[in-house]
Amino acid sequence: MARAREAVSPSVVIAAAGLVVVVAVPFLFILLQAVFPHLGRGSLAAPFSALAGALGDPKLIGMTGNTLLLGLLVVVLSALIAVPLAVARALFRVPGAVIWDVLFLIPFMIPPYIAVLGWIMTLQPRGYLEQLAGFDLAAFLFSVPGIVFVMTLNTFPVVYFAVSRTVETVGSRYADVARVFGASPLRAFWRVTLPLSTPGLAASLLLVFAMSIEEYGTPAALGRRAGFDVLVTAIDLRVSDWPIDLPGAAILSLVLVILSFGAFLLQRWILTRRSYEATTGKPQDAAKRDLGVWKFPVLALFAAVAVAATGLPLLAILATALSRTISGGLTLANLDLSNFSAILGDTTGALKALGTSLSLGVAAALVTGLLGALSAYAVVKSKVRGRGVLDVLTILPNALPGIVVAVGLILAWNQPWLPVTPYNTALILLLAYCCILLPQPVRYATAAFHQIGDNLEAAARVFGASPLVAFRRILLPLIAPSLLAAMLLVFAVATRELVASVVVAPVGVSTISTYIWRQFEQGSVGLGMAMAFITILITTALPLIVLSLMGRRGNLL
Amino acid sequence: MTGDRAGNAISARQIYMAYGKTEVLRGIDVSMPQGQTLALLGPSGCGKTTLLRLVAGLLSPTSGEIAIDGQMVACPSLFVPPEKRGLGMVFQDYALWPHLSVAGNVAFPLEMAGINGAERQARVKAALDRVGLSAMADRSPSALSGGQQQRVAIARAIVAEPRIVLFDEPLSNLDRELRETMVAELGALIRGLGLTAIYVTHDQSEALTLADQVAVMEAGQIAQLAAPEDLVEHPASPKVAEFLRLGAVLSLTRDTGGWSYGGHALGPMGGPEASAAEVLVTPRALRIADFGTTALSGEVMAVQYRDTAYAVTVRLNQAAPAQTVQISSDTRMRLGERIGLEIVSDRLRWFPARTQAPVH
């Protein structure tokens, strides 16, 4: 017997449609292309023929091995650097703790491809290091250890912040209890703090692993000279260089997705299985101990890491941006603002790229904000059947590296039989950014919805609000603060996104990242770095301004 | 409760509700006339809140029909969403919207009904006046105490002048003293506005005070539907009697000499013509006597001062598993004091033995 039930809420329908376009379509076409090599000609002939060949290809096995090796090395080095710093920060009174935190946050704001360009300017032959110290480290930089080093400096803050927060919370809540029951500080650390912090550490390391195997800029800039190919650069090669090999790109993409999804699932499993952070309150910093004789060695360690991760790349970027010519070197006579005036004068299309990226960033923030809120609503609050599928579609982008999204979009929207297509318009970039960054608003909105009692929506319905009105008047305002924070993050990241932009940007459309990348390839490094500097300023300052305006208006909740 | 829907404010017929394989409601039939208050009373998990949410339209029944004011709102071919049912509702957790002021919360139902401007303001003020909170109109709900938040929730439920208001354990989050005042206020409000109300609660005194009819629910079914005085005088089953805390239910067996409890003869006492039965012993059915002079005796376990007398808990000496009864005493008794208990047989209420009568 078919029963009349409440019709599916329009918000759920919009969420489902949006998720299909933004997430399901590109992913589906990767799968189809991997199975049907002649998909591009509209033919489903010879299924699985390319797959078998490609999976046995020793080159693919080698690249997969390189990718895993790179991920693993970055994880190990990140842990070696971040864990001691984090434990010191959490349990001891480190002078200037807040300043170190801010300095370790900055690497997040410098996109890795910009940082790597800074490192190249510093360590290459006749680079800043040679000019100042008389020797260069090019052999180190353009090698696997060099790649690992640069990538670690970008990723270790993830581990640092996760571990220092967990250890601080666990230390003040549980280790103190162990002290009361007779454990020495060291014993309490080994028996209580460390075991309880392990899930947080493991989860952050898996996140670092996922970030490393997806990273494009660093291996692309450094690895080619070292002959070190990873999956991401190999996929890029297959879609952007002649001969174009779409089936190959799709198969490599699938391998990358499997690695990435594995890391993601493992991370989620660890966090849901044993999460102590989520249940505990605010850490109290009353019980921190003095460092004693270790004060200066520890401070030296903090300073060294801050210089390497934040100071050096920033200074190199600034020095390059301020140099009239690169060959002029680090001399006062060579310093001026000609690169900045060239950018602002728009003689090189810089302002247009800036405008394109900023508008795409705003658009991506709006679209992902709306879609993220609706999807999180459908998954958390609605009782609609099939919301499990929506849940999977919101989780899937976590495991879709930027390069894979780009390949999927090419495969989906470059089909010859399509009457209209966003391909070759800036819209394709918007689709790419939305798919890559959707997880942020979904995560924030999901957490916010979990905190809203079901009766708040039920009450609105009883008092006469339709599902859409209840969503707009009650739920949306309640999750607005979280959602806005996520949207600012989307804006900041989308504005300077590199890999998808390089791959899918239509001819004649350049973004901030493709502009910088191209200036570097063409030798106008100064212009690129001036642009990078302006970008870092804008994408850092704008969100801060919005947040402070929001703060002044009082709490939104 | 058969078919005739006309004249009933709410009627539910053969309501079944299942989540997957768990049946939460199993064949509910209930209807109530205009202007009456129906209490749904039962322990947690008995399905009373589910039934209320079905009436509100926040859930849709697996099968069965619900009509409000003679209009079908849920049946196999039709589902009227909550916003089209024109109800008021007070939630257990208040469900005040934290981003709206007190006045904003109360104004919401009017706004949804398209009532604007001066009329809206006047009605919000009138509703807040009625609950004594007009001074708090511009505050945030989170700045209010629990009792005040509850009053805001009540003002919001009545501001649009609905015919029917649903109450979902509205007082369970308040402390006892406040609860007793609020019960009286709510009763006055419901009568004063001539509301039809469904009131869900697990507190039998609230139900007995407020309701014209009480439906005692147990495991997804209505165990008894009756007016409060009938319920107290004639509970339909030992379970109902136990849930209403009317007294102790004892299992008795009968032989030629009359009834006996735990192997101790109690005498004839009337009762049904059966070899076993259960009997409800209310405090009024027991009289205190000297120890050793009666068939039933016990030891004082607890003494509590209540209203004008002492409520005394006595553990029976004759019971194999521990069994206590309540009596009322004008004097304070010592803990551990041994007393005799005399049974007033015409105040007993008999039930048939449960399927397997315990044999002593």
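In order, the protein sequences belong to chains A and B. Read left to right, the first sequence gives residues 689 to 1245 (my numbering). Read left to right, the second sequence gives residues -14 to 345 (my numbering). No residue lacks a Cβ here, since even glycine has one placed at the ideal position from N, Cα and C.
- prompt: How should Y904 (chain A) be labelled, buried or exposed, when 16 other C-beta atoms within 10 angstroms of its C-beta is the threshold for buried?
  reply: buried
- prompt: Considering T298 (chain B), what are the terminal residues of the beta strand (DSSP E) in which it resides?
  reply: 294 to 301
message: I want to see whether chain A comes within less than 9 Å of M2 (chain B), judged by CB atoms only; does it?
response: no
task: Under 8 Å by Cβ, that's how I've got L1176 (chain A) and V1234 (chain A) pegged, so tell me the actual separation to the nearest angstrom.
output: 6 Å
- prompt: Beta carbon of L944 (chain A), beta carbon of E902 (chain A): below 9 Å?
  reply: yes
- prompt: Can you name, in chain order, every residue of its own chain whose Cβ lies under 8 Å from the Cβ of G20 (chain B), other than the five neighbours on each side?
  reply: A(-6), G179, L180, T181
message: Rounded to whole angstroms, what is the Cα-Cα separation between E263 (chain B) and A274 (chain B)?
response: 23 Å
- request: Could you check which residue in B:T267, B:R339, B:A233, B:M286 has the C-alpha nearest to that of R332 (chain B)?
  value: B:T267
- prompt: Leaving out five residues before and five after F336 (chain B) in sequence, what residues of the same chain have Cβ atoms less than 6 Å from its Cβ?
  reply: P223, E263
field: Residue ranges of each beta strand (DSSP E) within the region 813 to 876 of chain A, 3 or longer
entry: none
task: State the start and end residues of the unbroken alpha helix (DSSP H) segment that holds W982 (chain A).
output: Element bounds for W982 (chain A): n/a, residue is neither H nor E.
message: So, at 7 Å on beta carbons, what are the nonlocal neighbours of I1005 (chain A) in its own chain, with the 5 sequence-adjacent residues on each side left out?
response: I802, G806, M1217, A1220, F1221
- request: Identify the continuous alpha helix (DSSP H) that holds W807 (chain A) and give its terminal residues.
  value: 800 to 811
message: By the three-class DSSP mapping on this structure, what secondary structure does T968 (chain A) have?
response: Unreliable placement is indicated for T968 (chain A), whose pLDDT of 42 sits below 50; the coordinate value is still reported in the next sentence. Three-state result, T968 (chain A): coil.
message: Report the CB separation of A738 (chain A) from P935 (chain A) in whole angstroms; it is logged as a contact under 8 Å.
response: 4 Å
query: What residues from chain B crowd round A909 (chain A), counting only those whose CB sits closer than 8 Å?
result: Ordered by position in chain B, no residue passes the 8 Å Cβ test against A909 (chain A), which lies about 47 Å from the chain.
- request: Please go through the same chain and pick out, in chain order, the residues whose beta-carbon is closer than 6 Å to the beta-carbon of A(-3) (chain B), but skip the five residues on each side of it.
  value: I13, V15, I51
- prompt: Near P306 (chain B), which residues of its chain fall below 7 Å by C-beta distance, leaving aside the five closest residues on each side in sequence?
  reply: none
message: With the cut-off set at 9 Å, would you say A909 (chain A) and I794 (chain A) are in Cβ contact?
response: no
task: Have a look at the DSSP bridge pairing and note the partners of Y4 (chain B).
output: B:T7
message: Tell me the DSSP secondary structure of L85 (chain B) in three-state form.
response: coil
- prompt: Which value, in whole angstroms, describes the spacing of the CA atoms of L765 (chain A) and L757 (chain A)?
  reply: 12 Å
message: Can you find the residues in the same chain that come closer than 7 Å, C-beta to C-beta, to A733 (chain A), ignoring five residues on each side of it along the sequence?
response: H726
field: Residue burial classification, A128 (chain B) (beta-carbon count within 10 angstroms, cutoff 16)
entry: exposed
message: Once the 5 residues before and after L229 (chain B) are set aside, which same chain residues still bring their CB inside 6 Å of it?
response: Q189
field: Cβ-Cβ distance between V234 (chain B) and L265 (chain B) below 9 Å
entry: yes
task: Identify whether G49 (chain B) lies in helix, strand or coil by the three-state DSSP scheme.
output: strand
- request: Would you mind reading off the limits of the beta strand (DSSP E) that contains R380 (chain B)?
  value: Absent from the model: residue 380 (chain B). The displayed extent of chain B is -14 to 345, so no value can be given.
- request: Check whether the region 193 to 204 of chain B touches the region 213 to 227 of chain B, taking contact to mean three or more Cβ pairs, one atom from each stretch, closer than 8 Å.
  value: yes
- prompt: Looking at C-alpha atoms only, which residue of A:L1078, A:I1224, A:V1072 is the closest neighbour of G1060 (chain A)?
  reply: A:L1078
message: Quick check for students: name the residue ranges of the beta strand (DSSP E) that lie wholly in the region 59 to 85 of chain B, counting only runs of 3 or more.
response: 72 to 75
message: Just to confirm my understanding: we take C1122 (chain A), look at its own chain, exclude 5 residues before and 5 after, and list those with CB closer than 8 Å. What are they?
response: V710, A1052, V1055, T1056, L1059
query: Using a beta-carbon distance below 9 Å, is V1157 (chain A) in contact with chain B?
result: yes
message: Give me the DSSP bridge partner(s) of T1205 (chain A).
response: Before going further, note that residue 1205 (chain A) is Trp rather than Thr in the sequence given. Bridge partners of W1205 (chain A): none, in fact.
For P783 (chain A) and D978 (chain A), the rounded distance between their alpha carbons: 10 Å
- prompt: Would you call the region 845 to 858 of chain A and the region 774 to 791 of chain A touching, i.e. three or more CB-CB distances under 8 Å?
  reply: yes
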